[in-house]
Every structure is written in C-alpha cells, then in structure tokens.
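Note sheet for the following structure.
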Amino acid sequence: MGAILLSLVPAIGWGAQALVMQKVGGKFTNKVMGMVLGTIIFSLLVLIFRRPNNISKNLIIGSLLCGIFWCFGQMLQVKSFDLVGVTITMPVSTGEQLLGTTLVSAIYFKEWTTNWQFILGISAILVIILGVIVISMKKNSNYDKANVKKSFILLFFSTIGMMGYAIIPRLFNLNGWDMLFPQAVSMVVTMFILVITQKDNQAFSKKTFENIPTGLCFAVANLALLLSNEINGVAVGFTMSQLNVVVSTLGGMIFLHEKKTHSEKIKIVIGLSLIIIGAVMIGITKN
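Shown next, in the form of structure tokens:
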C-alpha cells in the first residue's frame with residue numbers, strides 16, 4: 011500500500027505544478043527558468059541532509075542525460091500550454107508518454123513477464139489512448155487551428171524528452187536520492203542554455219522568480235517518481251504519476267477558468283475516467 015501511495019505523490023505534485031505555472035504567468039522562458047531554480051533549491055536542501063553514497067561515472071552521465079532530456083521535453087510542453095491551454099496539452103501529453111514509456115519498460119526492462127500482464131497492460135494502454143482521443147475530440151473553435159497543429163507536433167517531440175527522463179535512471183541503475191542534485195544541476199545548466207537562445211527571453215525577470223514555487227512542486231514530484239520507479243518499476247511508477255492529468259485538467263477548468271462548453275466538459279470527464287481506469291489496470295500488473 012505504501013508503494014502505491016508513493017506512486018501517487020508525483021501525480022499531485024505535477025498536477026499542481028501546471029496549475030501554479032499558468033496562474034503565475036509570464037513568458038514560457040520565465041516559467042521553465044523558475045521551475046529549474048526551484049528544483050535546484052530543493053535539491054540543495056536535500057543535499058545538506060543526505061549526500062550521495064557513491065559518486066560514480068554512471069551517476070554523472072545518467073544524471074546529465076536525464077536532465078537534458080527533461081529540459082527539452084518540459085520546454086516544448088510549456089510552449090504547448092501557451093498555445094492551447096492545460097486542458098488539451100496535459101491529456102494528449104499524458105497519453106503519448108504512457109504509451110511510449112510503458113511499452114519500453116515492459117519489453118526492454120522485462121517488467122512484464124507473464125501473458126496476463128501483457129494482456130492487461132496492453133488493454134490498459136488502449137483504454138488510456140481512447141480517453142485521450144475522447145478529450146481531444148472537442149470543438150476547436152476556441153483555438154487557432156494552426157496553434158492546435160503546432161501544439162501536437164511540439165508534444166510529439168516533448169514526449170521523446172519526457173520518455174528519456176523517465177527511462178534513463180532505470181537504464182543506468184541510479185538511486186533516486188543520489189542523482190537528485192546532479193540531475194538538478196544538469197537541468198539548470200541545460201535550461202539556461204536553451205532559454206538564452208530565445209529572443210527577449212527575460213531569463214531573470216520578476217516573473218521567473220515568481221515561478222520558483224512551480225519548481226518546488228516539480229522537485230517533490232521528481233524525487234517521489236525516482237523512488238517510486240525503483241520500488242514499483244517504471245511501467246507502474248511512471249504510469250501512476252501520469253494521473254497528474256486529472257489534477258491539471260480539472261484544475262484548469264476550476265482554478266484557471268479555462269472555458270468549456272457543456273459537451274466539452276462531458277467529454278473531458280469521460281476521457282479522464284478512461285485514463286484513470288487504464289492507469290489502475292496497469293497498476294494491477296504490478297501484482
């Protein structure tokens with residue numbers, strides 16, 4: 011039970027992160043820089059009380075790559091927020107990440123070994139994809155069609171980055187506590203390089219520092235995910251973390267007042283219900 015509860019912490023943290031980020035506002039460069047600054051602050055606090063047990067070549071390379079993949083994935087996702095909002099971005103992003111990460115983890119890392127795990131797991135993925143399709147089948151009159159198309163392209167490449175972020179720690183067999191600080195350093199350096207290449211980036215303006223709380227939300231979720239993946243495996247740990255789509259999508263309508271028609275709200279509720287059912291099914295494969 012404790013392992014499953016741990017796997018839900020990232021869902022709450024990342025769901026809150028998306029909402030706080032959009033509530034605070036600012037350019038997308040402010041949002042991502044504020045996030046990595048909050049992350050490095052959190053990792054420094056943890057480092058004071060818990061230092062890495064072993065600083066190895068694997069730890070340095072794995073943490074570096076993990077940070078780089080996350081930065082590209084996160085920056086593209088935040089750009090999508092600004093194009094079409096949280097309620098479209100998060101469900102689509104979640105579906106793509108779950109499909110890719112779960113299949114790689116199940117097949118490459120052999121986290122699914124029995125026929126019933128594959129049958130239940132693949133069925134769950136199909137249910138999740140159906141949920142994403144239902145949410146995405148909304149009237150797009152509120153959005154510029156070019157923005158919707160651009161958003162989906164950005165999310166495809168964002169998914170590759172976020173898959174790398176989820177899989178690399180498992181690939182390098184890294185401990186979540188040990189990699190927390192070097193991963194945060196990689197995130198700060200990589201994101202700074204990406205941000206300064208943007209026009210009128212305002213990297214260290216007031217809005218950047220106002221977005222630091224989003225980084226704290228992310229950092230707590232990030233640590234919980236690293237630990238959950240070690241205990242539950244990536245197929246289960248990452249899947250459960252993606253329930254953040256429930257928090258962010260409903261929160262987008264309630265707290266950010268993203269306007270939806272009655273039919274759109276019904277489709278969102280149905281879609282989210284399917285995503286939750288699919289996530290629970292994948293969680294069962296752990297047993």
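The C-terminal residue of the sequence shown carries number 297 in our numbering, and the numbering is unbroken. Each residue gets a CB set at the ideal place from its N, CA and C atoms; glycine is no exception. These numbers come from a predicted model, not from an experiment.
Between the segment 206 to 226 and the segment 34 to 48, do at least 3 Cβ pairs fall closer than 8 Å?
These segments touch.
Would the beta-carbon of residue 277 fall within 8 Å of that of residue 172?
In this structure, residue 172 does not lie closer than 8 Å to residue 277 by Cβ.
Just checking my contact of residue 50 with residue 230 at CB under 8 Å: how many whole Å lie between their CB atoms?
Wrong, their Cβ atoms sit about 14 Å apart, outside the cutoff.
Measuring CA to CA, which of 103, 33, 195 and 85 is closest to residue 166?
Of 103, 33, 195 and 85, the residue nearest in Cα terms is 103.
Give the secondary structure of residue 20 by DSSP, where H, G and I count as helix, E and B as strand, and everything else as coil.
Helix at residue 20.
Rank 294, 273, 257 and 284 by C-alpha distance to the C-alpha of residue 247 and give the top, closest one.
Ranking the options by Cα distance to residue 247, first place goes to 294.
By Cβ distance, which residues of its chain are closer than 6 Å to residue 17, with the 5 residues on each side in sequence left out?
238, 242, 247 and 250.
Skipping 5 residues on each side, what residues in its chain have a beta carbon closer than 6 Å to that of residue 280?
Same-chain partners within the cutoff: 144.
List the whole-angstrom C-beta distance separating residue 119 from residue 180, where the pair is believed to meet the contact cut-off of C-beta under 8 Å.
Right, the Cβ-Cβ distance comes to about 6 Å (below 8 Å), so this counts as a contact.
Applying the 10 Å Cβ sphere with the 16-neighbour rule, what's the burial state of residue 156?
Its Cβ having fewer than 16 others within 10 Å, residue 156 is exposed.
How about residue 273 and residue 100: do their beta carbons lie closer than 8 Å?
Not closer than 8 Å, so no.
For residue 56 and residue 154, I'd like the C-alpha separation in whole angstroms.
One C-alpha to the other measures close to 44 Å.
Which residue spans inside the segment 59 to 144 form an unbroken beta strand (DSSP E) run of at least 3?
Correct list: empty.
At the level of alpha carbons, what is the spacing between residue 13 and residue 19?
Those two C-alpha atoms are separated by around 10 Å.
Classify residue 285: buried if its beta carbon has 16 or more other beta carbons within 10 angstroms, exposed otherwise.
Residue 285 comes out buried.
Spatial neighbours of residue 30 within its chain, please: C-beta separation below 7 Å, excluding the five flanking residues on both sides.
Within the same chain, residue 30 has close Cβ partners 223, 224 and 227.
Could you work out which residue in 291, 253, 282 and 260 is closest to residue 21 when comparing CA atoms only?
Checking every option, the nearest Cα to that of residue 21 belongs to 253.
My assumption, with CB atoms under 8 Å, is that residue 72 sits in contact with residue 184. Please give the rounded CB distance.
Residue 72 to residue 184, Cβ: 5 Å. Contact.
Could you check what DSSP says for residue 182 in three-state terms: helix, strand or coil?
Of the three classes helix, strand and coil, the one that applies to residue 182 here is coil, per DSSP.
On the three-state DSSP scale, how would you describe residue 298?
Coverage of the chain is limited to positions 11 through 297, which leaves residue 298 absent and any answer about it impossible.
From residue 63 to residue 240, what distance separates their C-alpha atoms?
Roughly 16 Å between the two C-alpha positions.
Going residue by residue through the segment 230 to 259, where are the continuous alpha helix (DSSP H) segments of at least 4 residues, counting only ones entirely within it?
Qualifying alpha helix (DSSP H) stretches, in chain order: 244 to 251.
Taking the beta carbon of residue 6 as the centre, do at least 16 other beta carbons fall within 10 Å, making it buried, or is it exposed?
In the structure as shown, the chain starts at 11 and stops at 297, and residue 6 therefore has no counterpart that could be examined.
For chain B, is any of its Cβ atoms less than 8 Å away from the one on residue 55?
Although the question refers to chain B, the structure presented lacks it and comprises just one protein chain.
Helix, strand or coil for residue 40 per DSSP?
Correct three-state label for residue 40: helix.
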